[in-house]
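Taking the working numbering, I'd label the letters of the sequence shown as residues -9 to 177.
Glycine included, C-beta positions come from ideal geometry on N, C-alpha and C.
Just so we're clear, the structure is a prediction, and the values are computed from it rather than from any experiment.
Remarks on the structure that follows.
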Amino acid sequence: TAKTNLLRNRNLTLETEREINQLNVAPSLNVQYRKKGVSWKVWSRFNNYNPTLDQLQPVVDNRNPLYRVEGNPDLKTALTNMGGLGYEQLLPGKSNTFFNLNVDYGVDKNKIVNLIRYDTLGRQTLTYRNENGTYNGAVSLSASTRLSAGEHVLNLSLGGSRSFRREKVYLSEALTTINMHQLDFYA
């Protein structure tokens, strides 16, 4: 996928004009192979996230004097690369029983994060920065079967997943890394 963005801004206070022309290319790849009850899937996708004009404006928005917003004209486009691998097997001799395994991963470059500063009077100023080092991933495993007796059908599923995420945030101007982990089971 390819698209262009043209952002134009005119600042009447500073008597300046700003024009940003952005070309975004977001390639993706999906490959699937099936043979005799086995399926493999590999995928990859890239996404771009452009800063908004508000995030780029180098002017302080003072509409709320206790919470000011100031853009950062040096922000770069944030890029996300995601990918995964999937495996599914129809168990031999069991026409309604499946086994699934999926592994997914994503990494961010130049992620746009909020930075909040406090001055001596307690006023907050929000601005934006690009940060690297954020990523996420997951592994999931499941099995399902269908049991039938006459007109009655019962679907049974059992599975679980393990996911993780690393984020970068600013807390009182200090860059902080947050690691999140999650473990899920379902039946």
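Note down the Cα distance separating residue i from residue j, rounded to an integer number of angstroms.
i	j	result
proline 48	tyrosine 118	11 Å
glutamate 121	proline 41	13 Å
threonine 6	proline 63	13 Å
valine 143	asparagine 86	11 Å
threonine 115	aspartate 51	9 Å
asparagine 145	methionine 170	33 Å
valine 28	leucine 80	6 Å
Are there 16 or more other CB atoms within 10 angstroms of the CB of residue i, so buried, or fewer, so exposed?
i	result
alanine 68	buried
isoleucine 168	exposed
Have a look at the options and flag the residue whose alpha-carbon is nearest the alpha-carbon of residue i.
i	options	result
alanine 128	Tyr160, Tyr95, Ser138 and Asn100	Tyr95
tryptophan 33	Phe175, Pro17 and Ala139	Pro17
methionine 72	Trp30, Asn37, Arg24 and Ile106	Asn37
asparagine 126	Leu111, Gln172, Asn104 and Ala164	Gln172
asparagine 224	Leu65, Ser134 and Arg24	There is simply no residue 224 to check, as the chain begins at -9 and stops at 177 in what is shown.
Indicate the three-state DSSP secondary structure (helix, strand or coil) for residue i in the structure shown.
i	result
aspartate 64	coil
leucine 146	strand
glutamine 193	Since the first residue shown for the chain is -9 and the last is 177, residue 193 is missing from the structure and cannot be characterised.
aspartate 94	strand
Inspect the beta-carbon positions of residue i and residue j and report whether they are closer than 8 Å.
i	j	result
glycine 149	leucine 131	yes
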